[in-house]
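J.: Please find one structure pasted underneath; my questions will follow.
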Amino acid sequence: MTRKQRRLILIGGSVGVLALAVGLVLNALSGSIVFFNSPTDVAEKHIAAGTRIRIGGLVKPGSLQRGDNLRVSFEVTDGKSDVPVRYQGIVPDLFREGQGVVAEGKLESGGTLDADTVLAKHDERYMPREVVDALKKTGRWQESEGEVGGGKTR
Amino acid sequence: MIPELGHYALVLALALGLIQSVVPIVGAKTRDTALMRLATSTALMQFVLVALSFAALTACYVTSDFSVKTVFENSHSLMPLIYKFTSVWGNHEGSMLLWVLILSLFGAFVAAFGLNLPATLKAHVLAVQSWVACAFYLFILLTSNPFVRLPQAPIEGQDLNPILQDLGLAIHPPLLYLGYVGFSISFSFAIAALIEGRIDAAWARWVRPWTLAAWMCLTVGIAMGSYWAYYTLGWGGFWFWDPVENASLMPWLAGTALLHSAVVMEKRNALKVWTILLAILTFSLSLIGTFLVRSGVLTSVHSFANDPTRGVFILAILVLFIGGGLSLFAWRAPMLKQGGLFAPISREGALVFNNLFLTTACLTVFVGTLYPLALEALTGAKISVGGPFFNLTFGPLFVALMFAMPFGPLLAWKRGDLLGVAQRLMTAFAVGLAAVAAAFAIKGGVSVLAPFGVGLAFYVMAGAVVDIVERTGLMRMPMATVRMRAAGLPRSTWGTSVAHFGIAMSMLGIISAGTWGTERIVALKPTQTVSLSGYELSFDGIVERTGPNYTAQVAKFTVREGGVPLGVMEPSKRNFSARATSTNEAALMARGAGQLYLSLGDTNADGSVAIRLYYKPMVMLIWLGALVMMFGGALSLSDRRLRVGAPKPAARAALQPAE
Numbered sequence: 061m062t063r064k065q066r067r068l069i070l071i072g073g074s075v076g077v078l079a080l081a082v083g084l085v086l087n088a089l090s091g092s093i094v095f096f097n098s099p100t101d102v103a104e105k106h107i108a109a110g111t112r113i114r115i116g117g118l119v120k121p122g123s124l125q126r127g128d129n130l131r132v133s134f135e136v137t138d139g140k141s142d143v144p145v146r147y148q149g150i151v152p153d154l155f156r157e158g159q160g161v162v163a164e165g166k167l168e169s170g171g172t173l174d175a176d177t178v179l180a181k182h183d184e185r186y187m188p189r190e191v192v193d194a195l196k197k198t199g200r201w202q203e204s205e206g207e208v209g210g211g212k213t214r
Numbered sequence: 106m107i108p109e110l111g112h113y114a115l116v117l118a119l120a121l122g123l124i125q126s127v128v129p130i131v132g133a134k135t136r137d138t139a140l141m142r143l144a145t146s147t148a149l150m151q152f153v154l155v156a157l158s159f160a161a162l163t164a165c166y167v168t169s170d171f172s173v174k175t176v177f178e179n180s181h182s183l184m185p186l187i188y189k190f191t192s193v194w195g196n197h198e199g200s201m202l203l204w205v206l207i208l209s210l211f212g213a214f215v216a217a218f219g220l221n222l223p224a225t226l227k228a229h230v231l232a233v234q235s236w237v238a239c240a241f242y243l244f245i246l247l248t249s250n251p252f253v254r255l256p257q258a259p260i261e262g263q264d265l266n267p268i269l270q271d272l273g274l275a276i277h278p279p280l281l282y283l284g285y286v287g288f289s290i291s292f293s294f295a296i297a298a299l300i301e302g303r304i305d306a307a308w309a310r311w312v313r314p315w316t317l318a319a320w321m322c323l324t325v326g327i328a329m330g331s332y333w334a335y336y337t338l339g340w341g342g343f344w345f346w347d348p349v350e351n352a353s354l355m356p357w358l359a360g361t362a363l364l365h366s367a368v369v370m371e372k373r374n375a376l377k378v379w380t381i382l383l384a385i386l387t388f389s390l391s392l393i394g395t396f397l398v399r400s401g402v403l404t405s406v407h408s409f410a411n412d413p414t415r416g417v418f419i420l421a422i423l424v425l426f427i428g429g430g431l432s433l434f435a436w437r438a439p440m441l442k443q444g445g446l447f448a449p450i451s452r453e454g455a456l457v458f459n460n461l462f463l464t465t466a467c468l469t470v471f472v473g474t475l476y477p478l479a480l481e482a483l484t485g486a487k488i489s490v491g492g493p494f495f496n497l498t499f500g501p502l503f504v505a506l507m508f509a510m511p512f513g514p515l516l517a518w519k520r521g522d523l524l525g526v527a528q529r530l531m532t533a534f535a536v537g538l539a540a541v542a543a544a545f546a547i548k549g550g551v552s553v554l555a556p557f558g559v560g561l562a563f564y565v566m567a568g569a570v571v572d573i574v575e576r577t578g579l580m581r582m583p584m585a586t587v588r589m590r591a592a593g594l595p596r597s598t599w600g601t602s603v604a605h606f607g608i609a610m611s612m613l614g615i616i617s618a619g620t621w622g623t624e625r626i627v628a629l630k631p632t633q634t635v636s637l638s639g640y641e642l643s644f645d646g647i648v649e650r651t652g653p654n655y656t657a658q659v660a661k662f663t664v665r666e667g668g669v670p671l672g673v674m675e676p677s678k679r680n681f682s683a684r685a686t687s688t689n690e691a692a693l694m695a696r697g698a699g700q701l702y703l704s705l706g707d708t709n710a711d712g713s714v715a716i717r718l719y720y721k722p723m724v725m726l727i728w729l730g731a732l733v734m735m736f737g738g739a740l741s742l743s744d745r746r747l748r749v750g751a752p753k754p755a756a757r758a759a760l761q762p763a764e
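Just so you know, the sequences run in chain order S and F. Reading the first sequence from the start, the letters are residues 61 to 214 in our numbering. Reading the second sequence from the start, the letters are residues 106 to 764 in our numbering.
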């Protein structure tokens, strides 16, 4: 085998693996990425039912209801629109009314989000950036909000 | 006074660093040994100064000097001493100081132990090392000075983020940084080789131990971070494909590839240009990791503060070193001489295969991590790329890699016999198939693919053993010969086998915990009992406890198996008044290599308490596998061939089997 043939095999192999990887990436990107939406986006964009989305905003004060078997329902608001969310499981330690939250799950035909993941901030200095952006869009964000602690009790 | 001394020491280190960046190169150009030798002294002195600076900051934390801003923001007088100590790097400024401390430590190591390096190479390496150090000294001094004083010293500090008040903070960041920063040495060697336009097998022999040491630290650093997340976040997960995790995985993948390609270069003098490129890329990925985590581009528990000037500064460092390194590569690499020839089916070919798949896997992680950032910057659309993406991309590539892994060490250099190797691996195939069958027999698995994964892991483990058996002639030769052969085997051969065994262990743990693990979320009242995978857990009630700077609600559970009490588990919730936050302390109970895992949720209106229960079979293998990998690396590191200048005794060389 000449040097040239060997090099060809090497290059061919590399291109093959790279093509495989590109194929895998494109395939995965079309199927498994999740778009982030603010409640207003959900209200305006007509997202098809059954789509997996992520929403962020504040837990609307007065909307939190706890049911049997660790069922929780609440509404996520950005001050303009609200999205009802249903979840079963343990919510994070700092999940409170009036606090920032990110929820991910399937959007149902009635406009309710059937969430399988609920994330809250884990530090009083930290606010999910998606939430900040969603609130900034509707003008509900104040710079001080990042520092004010979540001292309110449930 | 102490913080000012620390600040001053850092400024002095910068001044020395600037000298070290220029003078040795001038010395190498003019063949002036005195100028070249200067780098040795300055590198040692830099380390002393940075260590002084670090000690000064530590002193501020330990004595709770709240007149220093970072101490005020990240410490509390009631914290236990160990956390006062670790909170030195539990914040942005301090962690960057730790970064440069380790950087200067590695520089000092090269200066002190690189006695038999050629003078010009050593001068160049230390100069490049100093460029990196200066960039980061400047970064700290200009944007992240940890020694800034407050005009009026507060009486009490704001406490360290409670999540970080854990022993994990003492282990995970230093090890991770030892890994990240350790790759700066391979980078410096690569750049020095490009400057000199000369590279040979000896170069690889100098670089390999450094890469190996960095890789070992990074391996365990990542594993410890994963274990920390596992027990502290209360979700029972150990890897979330979070961008900050990926930021540490990418240098690991590239570093693993570098480790293997350096072998080819050392043994066969081939793949030179590629090895140089990998060395540059590995450190670049470490820098990108630092950028992602430290710039505030991502919000996570790792990003302590988001000050835009810092992000821009790190980005500038990134562009300078990655851009500069790659440009130098493009300019000088064609001058390097081509190496030896080899057939596609050979040890070299197998290592090329390894490199190809590792770098491609690294590329998919890179895309998955940076694509959301790029998309948001370009279109404003926010997406999240999580587990499913990586399982579909990284997964298949890694499976191919694992399948080929046992073949590599058994193939001969230059021209190998694939069929012969396959025959020698028959036992491994058999073990793998038996494992598939056994895994299918276990009921309750959620994935059809999982048994094949288990089979793959057992096949790799058996393959690692077969390698040693073949080399020592076990089962074929008399015991005395086997013993002699085993003693004659190079340590690096043992290291390879052990490390390959380790990664298969981790893989087995990941598959097992993910597939056969059980999870329950229940609301319990005191005296109620819940069962999980054959264990009965009875809830005895909640007690309040007071810690040094927190109060805790502790739930007590008695665990029984078939009526026999096994012990008490106490998941708890800690409330930290200084920050008005709470943390979740999961309770763990080891069952063989598996674990019972309890984490406490909220108390409901009716007095019941939400509890998450997990049983994770063989989960400990994930992290034990990483420790085994590190042990394999240590074995390899102790190989006398890696100690440059130590000649091999001629008598023993005859006993070594052909490789």
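No residue lacks a Cβ here, since even glycine has one placed at the ideal position from N, Cα and C.
For S/R156, which option in S/G171, S/I69, S/V119, S/D101 has the closest C-alpha, if you only look at C-alpha atoms?
T.: To locate residue 156 of chain S, count along the first sequence from 1; it is residue 96. It is S/V119 whose Cα lies nearest to the Cα of S/R156.
J.: Whose Cβ in chain F lies nearer than 7 Å to the Cβ of S/S92?
T.: Looking up residue 92 of chain S in the first sequence gives position 32. Here the neighbours are P493, F494, L497.
J.: Please report the straight-line C-alpha distance between F/T147 and F/A297, rounded to a whole angstrom.
T.: The residue you call residue 147 of chain F lines up with position 42 of the second sequence. The residue you call residue 297 of chain F lines up with position 192 of the second sequence. Rounded to the nearest angstrom, the two C-alpha atoms are 18 Å apart.
J.: If you draw a straight line from the C-alpha of F/V68 to the C-alpha of F/V230, how long is it?
T.: Residue coverage of chain F in this structure runs from 106 to 764, which leaves residue 68 of chain F outside it and unanswerable.
J.: For F/D707, decide whether its Cβ has a neighbour in chain S, counting only Cβ atoms nearer than 8 Å.
T.: On the second sequence, residue 707 of chain F is found 602 positions in, with the first residue counted as 1. Output row for F/D707: interface = yes.
J.: Quick one: which chain S residues come within Cβ less than 8 Å of F/L162?
T.: In the second sequence, counting from the first residue as 1, residue 162 of chain F sits at position 57. Within 8 Å Cβ-Cβ: nothing; F/L162 doesn't reach chain S, min ~22 Å.
J.: From the DSSP output, which residues share a beta bridge with F/F644?
T.: Locating residue 644 of chain F in the second sequence gives position 539, where the first residue counts as 1. Note: F/F644 sits in a beta bridge opposite F/F662.
J.: Name the residue from F/W320, F/W194, F/S158 whose alpha carbon lies nearest to the alpha carbon of F/L742.
T.: Here residue 742 of chain F refers to the residue found at position 637 when the second sequence is read from its first residue. Nearest of F/W320, F/W194, F/S158 to F/L742, Cα basis: F/W320.
J.: Suppose the cutoff is 6 Å on Cβ atoms and the five residues either side in sequence are ignored; what does the same chain contact list for F/Y335 look like?
T.: Along the second sequence, read from residue 1 onward, the residue named residue 335 of chain F stands at position 230. Once the five neighbours on either side are set aside, the close Cβ partners of F/Y335 are F343.
J.: Taking 8 Å as the threshold (beta carbon to beta carbon), is F/F512 in contact with chain S?
T.: Your numbering for residue 512 of chain F matches position 407 in the second sequence. By this cut-off, F/F512 is not an interface position.
J.: Does any CB atom of chain F fall closer than 8 Å to the CB of S/I69?
T.: Taking the first sequence and counting its residues from 1, the one referred to as residue 69 of chain S is at position 9. Cβ-Cβ to chain F under 8 Å: yes for S/I69.
J.: Using the beta-carbon of each residue, which ones in chain F are nearer than 8 Å to S/V161?
T.: Residue mapping note: residue 161 of chain S aligns to position 101 of the first sequence, counting from 1. Contact annotation for S/V161 against chain F: no contact, minimum CB-CB distance about 14 Å [criterion: below 8 Å].
J.: Let me make sure I understand the geometry here. Which of F/F681, F/N689, F/Y702, F/S682 has the alpha-carbon closest to that of F/F662?
T.: As a position in the second sequence, residue 662 of chain F is number 557, starting the count at 1. Nearest of F/F681, F/N689, F/Y702, F/S682 to F/F662, Cα basis: F/Y702.
J.: Name, in chain order, the residues that DSSP records as bridge partners for F/N680.
T.: Here residue 680 of chain F corresponds to residue number 575 of the second sequence, with the count starting at 1. Answer by DSSP bridge pairing, in chain order: F/T656, F/S687.
J.: Using a Cβ-Cβ cut-off of 8 Å, state whether S/F134 counts as contacting chain F.
T.: The count along the first sequence starts at 1 and reaches residue 134 of chain S at position 74. Answer no: the Cβ-Cβ gap between S/F134 and chain F never drops below 8 Å.
J.: Got a sec, what are the start and stop residues for the alpha helix (DSSP H) F/F171 sits in?
T.: As a position in the second sequence, residue 171 of chain F is number 66, starting the count at 1. Per DSSP, F/F171 belongs to no alpha helix (DSSP H) and is neither H nor E.
J.: Given that S/G149 touches chain F, what residues does it touch there, using C-beta distances under 7 Å?
T.: Within the first sequence, numbered from 1, the residue matching residue 149 of chain S stands at position 89. The contacting residues are I626.
J.: How would you call F/Q125, buried or exposed, if buried means at least 16 neighbouring beta carbons within 10 angstroms?
T.: For the purposes of this step, residue 125 of chain F is taken as the residue at position 20 of the second sequence. Buried, since its Cβ has 16 or more Cβ neighbours within 10 Å.
J.: With burial defined as no fewer than 16 other Cβ atoms inside 10 Å of the residue's Cβ, what is the status of S/S169: buried or exposed?
T.: On the first sequence, residue 169 of chain S is found 109 positions in, with the first residue counted as 1. By the 10 Å Cβ count, S/S169 comes out exposed.
J.: With DSSP run on the structure shown, which of helix, strand or coil describes F/E78?
T.: In this structure chain F extends from 106 to 764, so residue 78 of chain F is not present and cannot be described.
J.: Less than 8 Å between the CB atoms is what I'm expecting for F/L255 and F/K174, so what's the real figure, rounded?
T.: Against the second sequence, residue 255 of chain F aligns to sequence position 150. Against the second sequence, residue 174 of chain F aligns to sequence position 69. With 8 Å as the limit, F/L255 and F/K174 qualify as a contact, their Cβ atoms being about 5 Å apart.
J.: Return helix, strand or coil for S/G116, following the three-state DSSP convention.
T.: For the purposes of this step, residue 116 of chain S is taken as residue 56 along the first sequence, with counting starting at 1. Three-state DSSP puts S/G116 in a strand.
J.: So is F/T469 in contact with chain S if we call contact Cβ pairs under 8 Å?
T.: Mapped onto the second sequence, residue 469 of chain F falls at position 364. Chain S, which has a Cβ nearer than 8 Å to the Cβ of F/T469, makes this yes.
J.: Can you name the start and end residues of the alpha helix (DSSP H) that F/G394 belongs to?
T.: The residue given as residue 394 of chain F occupies position 289 in the second sequence. Segment 377 to 399, the alpha helix (DSSP H) holding F/G394.
J.: By how many angstroms is the C-alpha of S/I93 removed from the C-alpha of F/P477?
T.: Taking the first residue of the second sequence as 1, we reach residue 477 of chain F at position 372. Taking the first residue of the first sequence as 1, we reach residue 93 of chain S at position 33. The alpha-carbon atoms of F/P477 and S/I93 are separated by roughly 9 Å.
J.: What does S/E164 pair with, by DSSP beta-bridge criteria?
T.: Here residue 164 of chain S refers to the residue found at position 104 when the first sequence is read from its first residue. S/R114, S/T177.
J.: Using three-state DSSP, classify F/A486 as helix, strand or coil.
T.: Mapped onto the second sequence, residue 486 of chain F falls at position 381. Coil at F/A486, not helix or strand.
J.: Under a Cβ-count criterion, where at least 16 other Cβ atoms within 10 Å of its own Cβ denotes burial, should S/Y186 be classed as buried or exposed?
T.: Locating residue 186 of chain S in the first sequence gives position 126, where the first residue counts as 1. Any answer about S/Y186 is weak, because its pLDDT of 49 lies below 50 and its placement is not dependable; what the coordinates show is given next. It counts as buried.
J.: Whole angstroms is fine: what's the gap from F/I300's alpha carbon to F/R437's?
T.: Counting from 1 along the second sequence, the entry for residue 300 of chain F is found at position 195. Counting from 1 along the second sequence, the entry for residue 437 of chain F is found at position 332. Distance between the alpha carbons of F/I300 and F/R437 is about 8 Å.
J.: Distance check for F/G668 and S/L130, CA to CA, integer angstroms please.
T.: For the purposes of this step, residue 130 of chain S is taken as the residue at position 70 of the first sequence. For the purposes of this step, residue 668 of chain F is taken as the residue at position 563 of the second sequence. Cα to Cα, S/L130 sits roughly 28 Å from F/G668.
J.: Once the 5 residues before and after F/V176 are set aside, which same chain residues still bring their CB inside 8 Å of it?
T.: Stepping through the second sequence from its first residue, residue 176 of chain F is reached at position 71. By the criterion of a C-beta distance shorter than 8 Å, F/V176 is surrounded in its chain by C165, Y166, S169, D170, G262, once the five residues flanking it on both sides are discounted.
J.: If I follow the unbroken beta strand (DSSP E) through S/P144, where does it start and stop?
T.: As a position in the first sequence, residue 144 of chain S is number 84, starting the count at 1. First-last of the beta strand (DSSP E) with S/P144: 142 to 148.
J.: Could I get the ranges of all uninterrupted alpha helix (DSSP H) runs contained in the region 190 to 271 of chain F, with 4 residues as the minimum, in chain order?
T.: 197 to 218, 224 to 248
J.: What would DSSP say about F/Y476, mapped onto helix, strand or coil?
T.: Position 371 of the second sequence, counted from the first residue, corresponds to residue 476 of chain F. Residue state, collapsed to three classes: helix.
J.: Under the three-state reduction of DSSP, which class applies to F/A555: helix, strand or coil?
T.: If you number the second sequence from 1, residue 555 of chain F lands on position 450. Correct three-state label for F/A555: helix.
J.: Just to make sure I have the definition right: I need the residues of chain F whose C-beta is within less than 8 Å of the C-beta of S/S74. Which are they?
T.: Counted from its first residue, the first sequence places residue 74 of chain S at position 14. Per Cβ cutoff of 8 Å: L461.
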